[in-house]
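K.L.:
Residue numbers (our numbering), protein chains in the order written: chain A, 217 to 550; chain B, -18 to 263.
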């Protein structure tokens, strides 16, 4: 066998062939168009990131880590009336904490309500009601956020104040609900409730979509085994839809973290880290930018850009953590 | 084909009744009886006046061309028919003399007694093999003394135990198609149904798996009532004691003929049955 053609040797395997195809012209054109469309969002996002980084660089370099750990926002001017960057201090820690606090509160209020709403619409609601409700919920998702803010300010706030007092009375021993000063209005709690109402439609919509795609054969298999509707939902629909619900919650979280006007309307901006959700002090990066933007000089504007960059990166970070969680836990059951 | 010897006392009663009973002439009292079943999808009548009795301890095959309403018919027998929007039915289905469509009936209890195996194997992919078999207990909120014994017994009866006993904690989706279908049979058995409906259980499977499932059916038939819809006439001849032939001439499906399988395949009374079983159409 030695020295002969290796192709017929029983111990050797042939080289792997390269498998190619020659696409047609129309396919090439379409691929080009699709690629442009697909990459454009990435390019736009990249440009925004570069813009914010470029604008905020000076402030970030001067403040260092203090920008995200400090809570002082002071603009100092020198004798000529120009902003003195070295003497000023910019720190957004309180706003970052406020952003996370309000958004987390909003998601934890909105997710249970949305999931129940989606389950009701998919499995219990009569046809006519379902159509009406789906239309209303979709409309809510497109509702201007300033209206939510105004409604929150005029209608919700007095009520939430009452709830907040109740929570404080019975759950005040939990550090999160502790109060040192009895100021209940314009608290992160109110902002969280308003944000929750804003993101319920998004999470409901995504959850409903995924629940309604539950494979019929699994649903039937469960019913054929004598399942009640609730036990069928628990055994089939929830495992199937879990990752979709988390995805919807992430969309909602993204919106809650970036929300500006509604939070601005119902929240007291205070430059001090506050974990106590019931106290009327807090903030949110986006609404701080809105508050300061109108009267900011060139340097302060740069600082606001830097704040925007941090918010951008924070949102990105939270989303990628969530995606990791989804892909770790959501794989089974599909 | 010989009718197999039946030893169960319950089926002796059934056997005795069988001889003098004409379908639709009165309550049998045991087993499953369909009386004048009509079925609609929306305004379209798809089944007309089907009356059929299924005796305990026997296998009944339902044959007929596609679209003649066989599947619709067996789905009326465990109330799966009503899941389809716009579906309606008329007639009675008596399980041990009780109408399963009677007002105030708990439908989940009916489906525990009348189990179903579907055309496409449909194990729950989020559950392990063991959890799949025992899923019915959880779904129907039943209690059992010894889960391990039940698990082994059901997998044994479904002819799957030897193949999976070492990997009960693997996911159901990791099995082959034929194994998945036997897993689904085991899952149906775990809630101890009296009747098992099988809607073309082998149509998505290879011949080897088909053979295993036919053996399983033979094995199970002594202790329960089995109704199997099949397009495979050899299969009907191999596994069933009775055969019903359904046909639709474009309108609603009707039951043309029913009788012992050997008669249907050797001396059918109706010319349409003869044409179908000899392969002249369908």
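Glycine included, C-beta positions come from ideal geometry on N, C-alpha and C. What you are looking at is a predicted structure, and each value in this text was computed from that prediction instead of being measured.
Please list the segments of the alpha helix (DSSP H) lying wholly inside the stretch 482 to 547 of chain A, counting only runs of 4 or more residues, in order along the chain.
P.N.:
Those alpha helix (DSSP H) runs which fall completely within the stretch 482 to 547 of chain A and span 4+ residues are 501 to 509 and 514 to 545.
K.L.:
So, are the CB atoms of residue 165 of chain B and residue 249 of chain B less than 7 Å apart?
P.N.:
Within the second chain, the letter at position 184 stands for residue 165 of chain B. Within the second chain, the letter at position 268 stands for residue 249 of chain B. No, Cβ-Cβ distance for residue 165 of chain B and residue 249 of chain B is not below 7 Å.
K.L.:
Roughly how many angstroms separate the alpha carbons of residue 253 of chain B and residue 237 of chain B, rounded to a whole number?
P.N.:
The residue you call residue 253 of chain B lines up with position 272 of the second chain. The residue you call residue 237 of chain B lines up with position 256 of the second chain. One C-alpha to the other measures close to 8 Å.
K.L.:
Run through DSSP, which three-state label would residue 212 of chain B get?
P.N.:
As a first step, residue 212 of chain B must be located in the second chain, where it is residue number 231. The answer is coil: DSSP assigns residue 212 of chain B none of H, G, I, E or B.
K.L.:
Do residue 175 of chain B and residue 94 of chain B have their beta-carbon atoms positioned less than 7 Å apart in this structure?
P.N.:
As a working mapping, residue 94 of chain B is identified with position 113 in the second chain. As a working mapping, residue 175 of chain B is identified with position 194 in the second chain. In this structure, residue 175 of chain B lies closer than 7 Å to residue 94 of chain B by Cβ.
K.L.:
Could you tell me whether the Cβ of residue -6 of chain B comes closer than 7 Å to any Cβ of chain A?
P.N.:
Taking the first residue of the second chain as 1, we reach residue -6 of chain B at position 13. The predicted model places residue -6 of chain B with a pLDDT of 41, which falls under 50 and marks its position as unreliable; any figure quoted below should be read in that light. Chain A contact via Cβ: absent.
K.L.:
Cβ of residue 345 of chain A less than 7 Å from any chain B Cβ?
P.N.:
The residue given as residue 345 of chain A occupies position 129 in the first chain. By this cut-off, residue 345 of chain A is not an interface position.
K.L.:
Using a Cβ-Cβ distance under 7 Å, would residue 341 of chain A count as near chain B?
P.N.:
Taking the first chain and counting its residues from 1, one reaches residue 341 of chain A at position 125. No, residue 341 of chain A lies away from the interface with chain B (no Cβ there is under 7 Å from its Cβ).
K.L.:
Could you check whether the Cβ of residue 463 of chain A sits closer than 7 Å to any Cβ belonging to chain B?
P.N.:
For the purposes of this step, residue 463 of chain A is identified with residue 247 of the first chain, where counting begins at 1. Closer than 7 Å: no.
K.L.:
What does DSSP give as the partner residue(s) for residue 62 of chain B in the beta ladder?
P.N.:
Locating residue 62 of chain B in the second chain gives position 81, where the first residue counts as 1. Note: residue 62 of chain B sits in no beta bridge, so no partner.
K.L.:
Are the beta-carbon atoms of residue 192 of chain B and residue 443 of chain A separated by less than 7 Å?
P.N.:
Taking the second chain and counting its residues from 1, the one referred to as residue 192 of chain B is at position 211. Taking the first chain and counting its residues from 1, the one referred to as residue 443 of chain A is at position 227. No.
K.L.:
Measure the alpha-carbon distance for residue 554 of chain A versus residue 184 of chain B and round it to whole angstroms.
P.N.:
Residue coverage of chain A in this structure runs from 217 to 550, which leaves residue 554 of chain A outside it and unanswerable.
K.L.:
Please tell me whether residue 237 of chain A has its Cβ less than 7 Å away from any Cβ of chain B.
P.N.:
Stepping through the first chain from its first residue, residue 237 of chain A is reached at position 21. With 7 Å as the cut-off, residue 237 of chain A does not count as an interface residue toward chain B.
K.L.:
Does DSSP put residue 125 of chain B in a helix, in a strand, or in coil?
P.N.:
The residue labelled residue 125 of chain B in the question sits at position 144 within the second chain. The answer is coil: DSSP assigns residue 125 of chain B none of H, G, I, E or B.
K.L.:
Counting along the chain, where does the beta strand (DSSP E) carrying residue 25 of chain B start and finish?
P.N.:
One-based indexing of the second chain puts residue 25 of chain B at position 44. Unbroken beta strand (DSSP E) run through residue 25 of chain B: 25 to 35.
K.L.:
Got a sec: which bits of the stretch 65 to 90 of chain B sit with their beta carbon under 8 Å from any beta carbon on chain A, in order along the chain?
P.N.:
Hits within the stretch, in order: 89 and 90.
K.L.:
Identify the residues that DSSP records as bridge partners of residue 289 of chain A: which are they?
P.N.:
What you label residue 289 of chain A is simply residue 73 of the first chain in a count that begins at 1. Partner(s): A:306.
K.L.:
Over the uninterrupted beta strand (DSSP E) stretch that includes residue 241 of chain B, give me the two end residues.
P.N.:
Counting from one through the second chain, the residue named residue 241 of chain B turns up at place 260. Counting along the chain, the beta strand (DSSP E) containing residue 241 of chain B begins and ends at 235 to 241.
K.L.:
Cα separation between residue 40 of chain B and residue 148 of chain B?
P.N.:
Locating residue 40 of chain B in the second chain gives position 59, counting from the first residue. Locating residue 148 of chain B in the second chain gives position 167, counting from the first residue. Looking at the two C-alpha atoms, the distance is approximately 32 Å.
K.L.:
Taking only beta-carbon positions, decide if residue 124 of chain B is within less than 7 Å of chain A.
P.N.:
Sequence index remark: in the second chain, residue 124 of chain B carries index 143 (1-based). Taking Cβ atoms only, chain A never reaches closer than 7 Å to residue 124 of chain B, which makes this a no.
K.L.:
Does residue 2 of chain B come out as helix, strand or coil in the three-state DSSP assignment?
P.N.:
To locate residue 2 of chain B, count along the second chain from 1; it is residue 21. Note that residue 2 of chain B scores 39 on pLDDT, short of 50, meaning its location in the model is unreliable and no value can be drawn from it.
K.L.:
May I have the straight-line CA-CA distance separating residue 96 of chain B from residue 173 of chain B, to the nearest angstrom?
P.N.:
Translated into positions along the second chain, residue 96 of chain B becomes position 115. Translated into positions along the second chain, residue 173 of chain B becomes position 192. If I take the Cα positions, the gap works out to 9 Å.
K.L.:
Measuring CA to CA, which of B:74, B:60 and B:63 is closest to residue 12 of chain B?
P.N.:
Position 31 of the second chain, counting from 1, holds the residue named residue 12 of chain B. Comparing Cα positions, the closest option is B:74.
K.L.:
So who's on the other strand from residue 16 of chain B, going by DSSP bridges?
P.N.:
On the second chain, residue 16 of chain B is found 35 positions in, with the first residue counted as 1. Answer is B:73, bridged to residue 16 of chain B.
K.L.:
Verify whether the separation of the beta carbon atoms of residue 186 of chain B and residue 159 of chain B is less than 7 Å.
P.N.:
Locating residue 186 of chain B in the second chain gives position 205, counting from the first residue. Locating residue 159 of chain B in the second chain gives position 178, counting from the first residue. Cβ distance < 7 Å, so residue 186 of chain B and residue 159 of chain B count as in contact.
K.L.:
From residue 198 of chain B to residue 236 of chain A, what does the alpha carbon distance come to, in whole angstroms?
P.N.:
In the second chain, counting from the first residue as 1, residue 198 of chain B sits at position 217. In the first chain, counting from the first residue as 1, residue 236 of chain A sits at position 20. One C-alpha to the other measures close to 49 Å.
K.L.:
At least one CB of chain B closer than 7 Å to the CB of residue 549 of chain A: is that the case?
P.N.:
Taking the first residue of the first chain as 1, we reach residue 549 of chain A at position 333. Caution is warranted here: a pLDDT of 48 is assigned to residue 549 of chain A, below 50, making its placement in the model unreliable, and no coordinate value can be reported.
K.L.:
State buried or exposed for residue 247 of chain A, treating a residue as buried only when at least 16 other CB atoms are found within 10 Å of its CB.
P.N.:
Taking the first chain and counting its residues from 1, the one referred to as residue 247 of chain A is at position 31. It counts as exposed.
K.L.:
Which residues in chain A sit within 7 Å of residue 148 of chain B, going by Cβ to Cβ distance?
P.N.:
Working through the second chain from its first residue, we reach residue 148 of chain B at position 167. None at all; the shortest Cβ gap to chain A is about 16 Å.
K.L.:
In the DSSP assignment, find the unbroken alpha helix (DSSP H) run with residue 98 of chain B in it and report its ends.
P.N.:
Position 117 of the second chain, counted from the start, is the residue given in the question as residue 98 of chain B. Residue 98 of chain B -> not in any alpha helix (DSSP H); beta strand (DSSP E) instead, spanning 95 to 98.
K.L.:
So, does the CB of residue 444 of chain A fall closer than 7 Å to a CB anywhere in chain B?
P.N.:
Taking the first residue of the first chain as position 1, residue 444 of chain A is located at position 228. By this cut-off, residue 444 of chain A is an interface position.
K.L.:
Just list the alpha helix (DSSP H) runs in the stretch 355 to 408 of chain A, keeping only unbroken ones of 4 residues or longer that don't cross its boundaries, in chain order.
P.N.:
Listed in chain order, the complete alpha helix (DSSP H) runs (minimum 4 residues) inside the stretch 355 to 408 of chain A are 361 to 367 and 373 to 387.
K.L.:
Roughly how many whole angstroms lie between the Cα atoms of residue 533 of chain A and residue 331 of chain A?
P.N.:
For the purposes of this step, residue 533 of chain A is taken as the residue at position 317 of the first chain. For the purposes of this step, residue 331 of chain A is taken as the residue at position 115 of the first chain. Rounded to whole angstroms, residue 533 of chain A to residue 331 of chain A spans 25 Å at the Cα level.
K.L.:
Assign residue 258 of chain B to one of three DSSP states: helix, strand, or coil.
P.N.:
Indexing the second chain from 1 puts residue 258 of chain B at position 277. Of the three classes helix, strand and coil, the one that applies to residue 258 of chain B here is helix, per DSSP.
K.L.:
Any Cβ of chain D within less than 7 Å of the Cβ of residue 92 of chain B?
P.N.:
No chain D appears in this structure, whose protein chains are A and B.
K.L.:
Is residue 84 of chain B helix, strand or coil by DSSP?
P.N.:
If you number the second chain from 1, residue 84 of chain B lands on position 103. DSSP places residue 84 of chain B in coil when its eight states are reduced to three.
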